[in-house]
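Encoded as structure tokens, the structure appears first; notes follow it.
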Amino acid sequence: NFTLKTQETLQHAQQLAFDLGNQSIETGHILKALLTDNEDVVDYLLKKNNVNVPFLSAKLDEQLEKYPKVSGEGGQVLSRDANNTLLRASSSLKDFKDEFVSVEHLLLAILGGNYDSAKLLHDVRLVPHDLTRDAIVAELRQLKSAALFDGFRGSPALDVGAAADIVMAVGRLLAADSAI
């Protein structure tokens, strides 16, 4: 049992696969449909988890372009990973005491998988390229080992600003080169 929004999302994922010439509907198609069809809910959930949504969308577009293409007439089939995503989403209904699979269930099911789109979701959450230096310093100060920045057992204080600069540089490098 799927909500109307979930049904629309799955139809959009099928249309995406068709438009891109892909025979299989992959989890990447479902994730892209989630991002474009359900901006309110999915966008909110992703941003609450520090995901850079425009960056995710761009990386997802790159991923979709890499899927195998076929020519000629033929219908799309659900890939094994996409089918497992739907099964995982359906099985989560008991945990949430819900009757229908919602877009939130789909997103959680993708996150719980071990496929490219799940890895992408995890990876973009870790890319701090859009954070300010002050925000990174604040995050570094939240670490359990933050006391080391102020000196520990007689050692000199460390430059937390320099550490933030390194984090920013690594973030820019990761954003610039998708092969890393």
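In terms of the working numbering, the sequence shown opens at residue 793 and continues consecutively. All C-beta atoms in this analysis are idealised placements derived from N, C-alpha and C, irrespective of residue type, glycine included. Nothing here was measured: the structure is a model prediction, and the numbers come from that model.
L808 is classed as buried because its beta carbon has at least 16 other beta carbons within 10 Å across all chains shown. Within 10 angstroms of the beta-carbon of Q806 lie 16 or more other beta-carbons, which makes it buried. Of all alpha-carbon atoms in S947, N906 and A938, the one lying nearest the alpha-carbon of A874 is that of N906. Burial check for I822: the Cβ neighbour count within 10 Å reaches 16 or more, so the residue is buried. In the DSSP assignment, Q799 falls within the alpha helix (DSSP H) that extends over L796 to D811. For V893, the pairing in a beta bridge is given by DSSP as F794.
Taking the Cα of K839 as reference, the smallest distance to any Cα among V916, L856 and S882 is reached at V916. Pairing S871 with E818 gives a Cβ-Cβ distance under 7 Å. Approximately 16 Å separates the beta-carbon atoms of I902 and L885; this is outside 8 Å, ruling out the contact.
When beta bridges are read from the DSSP output, S816 appears opposite V869. Per DSSP, the continuous alpha helix (DSSP H) segment holding L932 begins and ends at R925 to R933.
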